[in-house]
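Residue numbers (UniProt numbering): 1 to 270.
Every residue gets a Cβ at the ideal spot worked out from N, C-alpha and C, and that includes glycine.
Since the structure is predicted, the reported quantities are computational estimates derived from the model, not experimental observations.
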C-alpha cells in the first residue's frame, strides 16, 4: 500500500476476489464511479458495484441492477480492503475517469496523485495476475480467471448454496458453476469417509475414529460377535413377527443390521 504499483495490485486483486469479477471482460471500461462505499444496517462499511458493466454475467435480470457482492471492511486491520480501496481512489489522477490507471515511475508519498494521466491497456489488465505472480515470486504463474475460480471454490467448500454463490458471481444458472465445484478437496474426502464410517460402525468403532488409541484400550478380535451389530430396539422382533406368516421358518433376517431414522417397506406376494 506504500507504493503506487503495490497499491494498484492489492486493490485490483481484492476487487476481483471479493466481488468475484471476471478475468478480462470490461476491466478497461471500469471507471471511478463503478464501485462505491456504503454502510450496512450494523454500521459496517463495504464496497459494492454500483454501475452495470452490461457483461453477460453481472447483470441481475430480475431487478436490472448489478449483482450482490460486497467487500467488507476489516476494522482495525492495516490490510483492510475498504481502506485500501479508498486510498487508491484518493491517489488516482483526477484528469481521467478510468479506474485502473498506470502508476507513476517516481512519486512522493505525500503527494495527492500517484498515477499517470493514462489508463492501463487491455493487454496489461488481462495479464495482471500473471504480472503479480512474477513480481511476487509466487510458486506458479496464475491467471486472472484463477482468482474468480478460487473465490467460487472457497464459497462452495464453505457450504454456501449455489443460488447464493450465483448472487455473487453473477452466473445465471447452476450449470455454469458446477465445473468449479467438481473437484473434491482433501478435507471434504476426509469428512465424507468419516461420515460413511460413523453411519455403519457400532459405538466402539465410533470411539476408534473419534479418539486416538491408547495402551489401555482392550484388544479386539477381527471376528465380531453377534452383539457387535445390535439392531434398532425391538426392530428384529417386529420384523420377524411381520414376516413369520409368509416364511416357512422363522429367521432373524435383520439380526446383523442396524437401522436409524429410516422407513422400511416390505412387499409380500400372496
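Which value, in whole angstroms, describes the spacing of the CA atoms of residue i and residue j?
i	j	result
residue 243	residue 161	Model confidence at residue 243 stands at a pLDDT of 46, short of 50, so the residue's coordinates are unreliable and nothing is read from them.
residue 90	residue 118	16 Å
residue 122	residue 129	13 Å
residue 19	residue 150	12 Å
residue 42	residue 86	20 Å
residue 191	residue 152	20 Å
residue 194	residue 200	10 Å
residue 229	residue 198	The pLDDT assigned to residue 229 is 41, lower than 50, so where the model puts this residue is not dependable, and the model offers no usable value.
residue 5	residue 137	15 Å
residue 145	residue 17	10 Å
residue 65	residue 81	A caution first: residue 65 carries a pLDDT of 42, below 50, which makes its placement in the model too unreliable to give a value.
residue 142	residue 76	30 Å
residue 222	residue 196	For residue 222, the predicted structure reports a pLDDT of 39, less than 50, and the residue's modelled location is therefore unreliable. A value from the coordinates is still provided. Computed Cα separation, rounded: 20 Å.
residue 174	residue 163	7 Å
residue 11	residue 88	7 Å
residue 134	residue 140	8 Å
residue 109	residue 132	22 Å
residue 37	residue 30	16 Å
residue 186	residue 39	37 Å
residue 271	residue 120	What is shown of the chain runs 1 to 270, which leaves residue 271 out entirely.
residue 93	residue 107	13 Å
Measure from the alpha carbon of residue i to the alpha carbon of each residue in the options, then state which is nearest.
i	options	result
residue 100	77, 109, 124	124
residue 95	114, 68, 169, 126	114
residue 3	47, 51, 103	103
residue 98	21, 35, 127	35
residue 158	84, 188, 135	188
residue 126	8, 28, 186	28
residue 171	12, 39, 22	22
residue 51	109, 39, 26	26
residue 79	186, 185, 1	1
residue 309	92, 93, 116	Coverage of the chain is limited to positions 1 through 270, which leaves residue 309 absent and any answer about it impossible.
Which one or two residues does DSSP pair with residue i in a beta bridge?
i	result
residue 134	Residue 134 pairs with nothing; no bridge assigned.
residue 111	None, per the DSSP bridge assignment.
residue 119	101
residue 46	38, 72
residue 31	98
At what residues does the alpha helix (DSSP H) containing residue i begin and finish?
i	result
residue 36	First-last for residue 36: 35-39, but that is the beta strand (DSSP E), not the alpha helix (DSSP H).
residue 84	81-91
residue 145	144-157
residue 16	4-18
residue 140	Careful: residue 140 lies outside any alpha helix (DSSP H) and carries neither H nor E.
residue 51	Unbroken run through residue 51: none, as it is neither H nor E.
residue 163	162-169
residue 199	186-200
Confirm the yes/no value for this check: CB of residue i, any heavy atom of the ligand NAP, distance under 7 Å.
i	result
residue 105	The ligand NAP is absent from the structure shown, which contains no ligands of any kind.
The beta strand (DSSP E) spanning residue i covers which residue range?
i	result
residue 103	101-103
residue 336	Coverage of the chain is limited to positions 1 through 270, which leaves residue 336 absent and any answer about it impossible.
Since I believe residue j is in contact with residue i (beta carbons under 8 Å), could you give me their beta-carbon distance rounded to a whole number of angstroms?
i	j	result
residue 45	residue 14	Actually they do not touch by this definition, with Cβ atoms about 14 Å apart.
residue 168	residue 49	Not confirmed; about 11 Å, so no contact.
residue 165	residue 155	5 Å
residue 32	residue 71	Wrong, their Cβ atoms sit about 16 Å apart, outside the cutoff.
residue 84	residue 7	7 Å
Taking Cβ positions only, does residue i come closer than 8 Å to chain B?
i	result
residue 104	The structure shown contains no chain B; it is built from a single protein chain.
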